[in-house]
Amino acid sequence: KAGVTQTPRYLIKTRGQQVTLSCSPISGHRSVSWYQQTPGQGLQFLFEYFSETQRNKGNFPGRFSGRQFSNSRSEMNVSTLELGDSALYLCASSSGTGTRNTGELFFGEGSRLTVL
Amino acid sequence: AQSVTQLDSHVSVSEGTPVLLRCNYSSSYSPSLFWYVQHPNKGLQLLLKYTSAATLVKGINGFEAEFKKSETSFHLTKPSAHMSDAAEYFCVVTGLGGTSYGKLTFGQGTILTVHP
């Protein structure tokens with residue numbers, strides 16, 4: 212069974228540009244979550260999508276957005292990039308069903324964004 | 008709100024010696040706790056989870072953790088370190104209900120170094 216796939220793995224942008232990152236979840240998983248990982252702030256939750264609907268959102272500005280498609284693939288977008296957006300962006304998938312967060316997420320290897 | 012504190016940012020051991028990575032949690036209810044591991048330039052992988060069944064939890068690769076409510080601790084241990092255990096380890100807690108979907112709250116991480 213293929214794991215979570217993130218593309219691109221590495222990218223370099225300049226301040227003010229925008230970026231779109233893609234995530235393909237494990238087959239059959241309907242929940243996709245996004246995390247930002249930086250040396251200073253650690254791992255922080257961005258948002259979660261399930262069946263094309265955002266169910267949960269972290270404390271990030273509106274420049275960070277996402278969406279999920281009918282095949283469960285997800286994209287996140289960051290507009291008007293700032294230097295502080297340089298980070299490893301991790302996508303994770305799970306079945307997402309049930310009323311309780313099981314905490315069992317399957318992570319991709321991440322997209323490393325550098326903003327110059 | 009729930010949180011976790013990892014008491015050591017770095018731990019260094021020799022191959023074949025025991026490993027102890029410390030984690031304390033704070034939660035207003037009985038939490039679900041996890042340990043995740045991240046090898047260099049890789050995504051995160053679930054090591055083990057505690058969800059109120061047995062207090063001693065066994066995970067992959069010989070790791071285990073014990074939930075101690077009286078001490079609000081969930082320390083990770085392994086009897087004998089292997090070179091391949093060198094990685095960063097995260098103690099994680101989840102919330103309850105719909106507001107927790109996809110959201111893991113991570114500790115700041117402990118980098119484990121294993122010397123030959």
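These protein sequences, in sequence, are chains S and A. Just so you know, we're using my numbering here: the first sequence kicks off at 212 and counts up by one. Just so you know, we're using my numbering here: the second sequence kicks off at 8 and counts up by one. Quick reminder that beta carbons are idealized off the backbone N, C-alpha and C, glycines included.
- [ ] Label GLN13 (chain A) either buried or exposed according to how many other C-beta atoms from any shown protein chain fall within 10 Å of its C-beta, with 16 as the threshold for buried.
- [x] Within the second sequence, residue 13 (chain A) is the residue found at index 6, counting from 1. It is buried - the Cβ of GLN13 (chain A) has at least 16 other Cβ atoms within 10 Å.
Task: Reference PRO47 (chain A); option with closest CA among A:ALA94, A:GLY69, A:SER10 and A:SER59 - done: Residue numbering aside, residue 47 (chain A) sits at position 40 when the second sequence is read from its first letter. Out of A:ALA94, A:GLY69, A:SER10 and A:SER59, A:ALA94 has the C-alpha closest to the C-alpha of PRO47 (chain A).
TODO: Take the Cβ of LYS110 (chain A) as the centre, count every other Cβ of all protein chains shown within 10 Å, and call the residue buried at 16 or more, exposed below.
DONE: Working through the second sequence from its first residue, we reach residue 110 (chain A) at position 103. It is buried - the Cβ of LYS110 (chain A) has at least 16 other Cβ atoms within 10 Å.
Open item on the list: Taking 8 Å as the cut-off, does the stretch 14 to 25 of chain A touch the stretch 260 to 276 of chain S (at least 3 CB pairs, one atom from each stretch)?
Closed with: no
- [ ] Determine, using beta-carbon pairs with one atom in the stretch 54 to 62 of chain A and one in the stretch 25 to 33 of chain A, whether at least three such pairs fall under 8 Å.
- [x] no
Open item on the list: Less than 7 Å between CB atoms is the rule here; does LEU299 (chain S) satisfy it with respect to chain A?
Closed with: The sequence position of residue 299 (chain S) within the first sequence is 88, counting from 1. With 7 Å as the cut-off, LEU299 (chain S) does not count as an interface residue toward chain A.
TODO: Closer than 7 Å by beta-carbon distance: list the chain A residues that pair up with GLN294 (chain S), in chain order.
DONE: The residue labelled residue 294 (chain S) in the question sits at position 83 within the first sequence. It is Leu, not Gln, that sits at residue 294 (chain S) in the sequence shown. Within chain A, no residue comes near LEU294 (chain S); the closest Cβ sits about 22 Å away, beyond 7 Å.
TODO: Please decide whether ASN288 (chain S) counts as near chain A, where near means a Cβ-Cβ distance under 7 Å.
DONE: Here residue 288 (chain S) refers to the residue found at position 77 of the first sequence. Taking Cβ atoms only, chain A never reaches closer than 7 Å to ASN288 (chain S), which makes this a no.
Task: Integer Cβ distance of LEU63 (chain A) from TRP42 (chain A), believed to fall under 8 Å - done: The residue labelled residue 63 (chain A) in the question sits at position 56 within the second sequence. The residue labelled residue 42 (chain A) in the question sits at position 35 within the second sequence. Between TRP42 (chain A) and LEU63 (chain A) the Cβ distance is about 13 Å, and since that is not below 8 Å, they are no contact.
Open item on the list: Please report the distance separating the alpha-carbon of SER297 (chain S) from that of THR313 (chain S).
Closed with: Here residue 297 (chain S) refers to the residue found at position 86 of the first sequence. Here residue 313 (chain S) refers to the residue found at position 102 of the first sequence. Using only the alpha carbons, I get a separation of about 30 Å.
TODO: Report yes if the C-beta distance between GLY319 (chain S) and VAL243 (chain S) is below 7 Å; otherwise report no.
DONE: As a first step, residue 319 (chain S) must be located in the first sequence, where it is residue number 108. As a first step, residue 243 (chain S) must be located in the first sequence, where it is residue number 32. Not closer than 7 Å, so no.
Open item on the list: Classify MET287 (chain S): buried if its beta carbon has 16 or more other beta carbons within 10 angstroms, exposed otherwise.
Closed with: Reading the first sequence from its first residue, position 76 is the one you call residue 287 (chain S). Label assigned to MET287 (chain S): buried.
Task: Residues that DSSP places opposite SER19 (chain A) in a beta bridge - done: In the second sequence, residue 19 (chain A) corresponds to position 12, counting from 1. Per DSSP, A:THR120.
Task: chain A contact for PHE280 (chain S) (CB, 7 Å cutoff) - done: Position 69 of the first sequence, counting from 1, holds the residue named residue 280 (chain S). Judged by the 7 Å Cβ criterion, PHE280 (chain S) is not in contact with chain A.
TODO: Could you say which of A:LYS75, A:GLU73 and A:ALA88 lies nearest to PRO25 (chain A) if we only look at CA atoms?
DONE: Within the second sequence, residue 25 (chain A) is the residue found at index 18, counting from 1. Of the listed residues, the one whose Cα sits closest to PRO25 (chain A) is A:ALA88.
Task: Near-chain A residues of the stretch 231 to 263 of chain S - C-beta to any C-beta below 9 Å - done: SER242, VAL243, SER244, TRP245, TYR246, GLN248, GLY253, LEU254, GLN255, PHE256, PHE258, GLU259, TYR260 and PHE261
Task: CB contact check: GLY319 (chain S) to chain A, cutoff 7 Å - done: In the first sequence, residue 319 (chain S) corresponds to position 108, counting from 1. It does; some Cβ of chain A falls within 7 Å.
- [ ] Measuring only between beta-carbons, confirm whether ASN267 (chain S) sits less than 7 Å from chain A.
- [x] Indexing the first sequence from 1 puts residue 267 (chain S) at position 56. ASN267 (chain S) counts as touching chain A.
Task: Top-ranked residue by Cα proximity to THR225 (chain S), from S:SER262, S:SER306 and S:LEU292 - done: Mapped onto the first sequence, residue 225 (chain S) falls at position 14. With distances taken between Cα atoms, THR225 (chain S) lies closest to S:LEU292.
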